[in-house]
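I have placed the structure first, in the form of structure tokens, so that the comments after it can refer back to it.
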Amino acid sequence: MISQMFTAFGRSLIEIGSYSTCRCQACSNIFELKLKVVAHSGEGLLNEVGGFSILSGIDTITVHRLLKNSVTLDEYVLMTEAAQRDLPFPAQAGMVEGSETYAIGTFKTFLYRPEYSTEFDEAAIRESFSDSNVAVKILRDEIQNEYTDVACDPSKGFHFNTGRRASEINEYAPEWIDFIPSEVLESFAGMGNPFSLGSLQPGEHVVDVGSGAGLDSLIAAQMVGVDGNVIGVEMTAAMIEKARAAVDTMGSGQVECREGFMESLPVPNDWADVVISNGCLNLAPDKSLVLGEMFRVLRPGGRLQIADVTALKPVPSEAKQDIDLWTH
Ligand SMILES: C[S@@+](CC[C@H](N)C(=O)[O-])C[C@H]1O[C@@H](n2cnc3c(N)ncnc32)[C@H](O)[C@@H]1O
Numbered sequence: 220m221i222s223q224m225f226t227a228f229g230r231s232l233i234e235i236g237s238y239s240t241c242r243c244q245a246c247s248n249i250f251e252l253k254l255k256v257v258a259h260s261g262e263g264l265l266n267e268v269g270g271f272s273i274l275s276g277i278d279t280i281t282v283h284r285l286l287k288n289s290v291t292l293d294e295y296v297l298m299t300e301a302a303q304r305d306l307p308f309p310a311q312a313g314m315v316e317g318s319e320t321y322a323i324g325t326f327k328t329f330l331y332r333p334e335y336s337t338e339f340d341e342a343a344i345r346e347s348f349s350d351s352n353v354a355v356k357i358l359r360d361e362i363q364n365e366y367t368d369v370a371c372d373p374s375k376g377f378h379f380n381t382g383r384r385a386s387e388i389n390e391y392a393p394e395w396i397d398f399i400p401s402e403v404l405e406s407f408a409g410m411g412n413p414f415s416l417g418s419l420q421p422g423e424h425v426v427d428v429g430s431g432a433g434l435d436s437l438i439a440a441q442m443v444g445v446d447g448n449v450i451g452v453e454m455t456a457a458m459i460e461k462a463r464a465a466v467d468t469m470g471s472g473q474v475e476c477r478e479g480f481m482e483s484l485p486v487p488n489d490w491a492d493v494v495i496s497n498g499c500l501n502l503a504p505d506k507s508l509v510l511g512e513m514f515r516v517l518r519p520g521g522r523l524q525i526a527d528v529t530a531l532k533p534v535p536s537e538a539k540q541d542i543d544l545w546t547h
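Below, the structure written as structure tokens:
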């Protein structure tokens, strides 16, 4: 169990270090971090002070004192006798008995140096996708920051086209956007025109993956009419808020904006006649996972209409790790 904890720590460092979000010295040296665990067991008093919960009492003081100890190893678990007795750590071979002395007393200790493999497959960890992967979380946070700006401060200026200009460049028909609220149009960040691959038919079910402020969902609603349904899936709260407000304003009851990730679409199997997406797939670290989700929600014979940027040659691993290249 202890080795698993240290292995998980080592793996997390690789995940965190996978995207260079910050260039400060501490972040640049993240791979130098070591894990030291000090464990004690006893009673604590939980006091509420000024809105904070503060743990106090002699056992709390003891464990704080033990953080300054005589151990010279750079990775270890140091347990007091009480921790060894009460915590579910199995006795480890190689545990060394010792003691630490402070003004509040002398404490018998058990020191353990974990044996664990530091041979990680770094490339595999970086590319593996899961919601708990810290690297994925960091990337999503950065993307959300960027698209919160597109929603809340659309005139700020971005490295991609936005607003009415983007709709003109991507040849959106004026009659599609005439009826769209200006709050939606100004936050349009599409990279192409998914409707250029074919119009949607009255009564169809449509999923818009990475629906942003809702322009494509609202155009799709116009095409499928009152007998159709459109589900927009989006992860950035400010975008969802804008899209929902527009749906209310326009009374487009057949459009629903769902909060969710493109990697696990909140849509049942075989629900959609058409999946559209505009500028979202390029933001996925694992594109095959997203394509698999799109395939899952499409009915047999359904259509996939994606507008996005494409790379004509493989993107080098170092470029994938530079978060600025994902968002700027
Ligand atoms: C380039 S914008 C395009 C938005 C919209 N399709 C449009 O044309 O205006 C990409 C959108 O995808 C969303 N997005 C990025 N990663 C996502 C994910 N993993 N799951 C759901 N939405 C995501 C972003 O929040 C952003 O709103």
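Numbering (the numbering used here), first residue to last: 220 to 547. Here a beta-carbon is modelled for each residue, glycine too, at the ideal position from N, C-alpha and C.
Reference residue i, options the options, closest by Cα
| i | options | result |
| --- | --- | --- |
| G511 | I525, G520, D397 and E482 | E482 |
| F514 | H259, A491 and N389 | A491 |
| M199 | L434, P333, H259 and S289 | Residue 199 falls outside the range modelled here, since the chain spans only 220 to 547, and no answer is possible. |
| R284 | L404, K506, D541 and E319 | E319 |
| A354 | A462, D467, D541 and E234 | E234 |
| F228 | G433, F379 and I344 | I344 |
| I399 | G263, K539 and A462 | A462 |
| C476 | V509, A503 and G429 | G429 |
| G431 | F480, R384 and T468 | F480 |
| P413 | E390, H424, E402 and L404 | E390 |
| S349 | K539, V509, T529 and P533 | V509 |
| L264 | I280, G270, I249 and F250 | I280 |
| F250 | A302, E341 and D305 | E341 |
| N288 | Y321, A457, T226 and A302 | Y321 |
| T529 | K506, R242 and E460 | K506 |
| M458 | A503, E402 and G472 | E402 |
| L523 | W545, K539, H424 and G470 | H424 |
| E405 | F379, G313, A464 and V369 | V369 |
| K539 | L232, S237, Q223 and S222 | S237 |
| S222 | G270, N266 and Y331 | Y331 |
Assigned exposure category for residue i - 16 Cβ within 10 Å defines buried
| i | result |
| --- | --- |
| G521 | buried |
| S272 | exposed |
| S418 | exposed |
| E316 | exposed |
| E338 | exposed |
| L484 | buried |
| L252 | exposed |
| T455 | buried |
| P244 | Checking the sequence, you will find Gln at residue 244 rather than Pro. Per the 10 Å Cβ criterion, exposed. |
| V493 | buried |
| V282 | buried |
| M352 | Residue 352 is actually Asn in this sequence, not Met. Counting Cβ neighbours within 10 Å, N352 comes out buried, since at least 16 surround it. |
| S386 | buried |
| A302 | buried |
| S536 | exposed |
| S415 | exposed |
| P533 | exposed |
| V516 | buried |
| G313 | exposed |
| P504 | buried |
| L531 | exposed |
heavy atom of ligand 1 below 8 Å from residue i C-beta
| i | result |
| --- | --- |
| R515 | no |
| D397 | no |
| E390 | no |
| S430 | yes |
| R359 | yes |
| M481 | yes |
| I344 | no |
| C476 | no |
| M454 | yes |
| I450 | no |
| M458 | yes |
| M298 | no |
| N380 | no |
| I273 | no |
| M442 | no |
| N288 | no |
| L434 | yes |
| Q363 | yes |
| N352 | no |
| L502 | yes |
| D489 | no |
| F329 | no |
Anticipated Cβ contact below 8 Å, residue i with residue j, distance rounded
| i | j | result |
| --- | --- | --- |
| V474 | V449 | 5 Å |
| N501 | D527 | 5 Å |
| D541 | R518 | The pair is not a contact, with the Cβ atoms about 39 Å apart (cut-off 8 Å). |
| V466 | V426 | Actually they are not in contact, since the Cβ atoms of V466 and V426 sit about 15 Å apart, beyond 8 Å. |
| G422 | V452 | Contact flag wrong, Cβ pair sits at about 21 Å. |
| Y335 | T468 | Contact flag wrong, Cβ pair sits at about 57 Å. |
| W545 | L286 | Not a contact, Cβ separation roughly 38 Å. |
Interface flag, residue i vs chain B, CB-CB below 9 Å
| i | result |
| --- | --- |
| K327 | In summary, chain B is missing from the structure at hand, where a single protein chain is found. |
Given 8 Å, three or more beta-carbon pairs between the segment 269-278 and the segment 288-295: For the pair of segments examined, the segment 269-278 was found not to touch the segment 288-295: the number of CB pairs separated by less than 8 Å stays below three.
The segment 422-441 / the segment 388-399 touching (three or more Cβ pairs under 8 Å): Proximity of the segment 422-441 to the segment 388-399 meets the contact definition, three or more beta-carbon pairs being nearer than 8 Å.
Cβ pair count under 8 Å reaching 3, the segment 321-329 against the segment 355-371: Output reads no: the segment 355-371 does not touch the segment 321-329.
Inter-stretch contact (C-beta, 8 Å, three-pair minimum) for the segment 403-415 and the segment 485-499: Cβ pair count under 8 Å is three or more, so yes.
Contact between the segment 370-387 and the segment 249-263 (3+ Cβ pairs under 8 Å): No, because fewer than three Cβ pairs between the segment 370-387 and the segment 249-263 fall closer than 8 Å, the two stretches do not touch.
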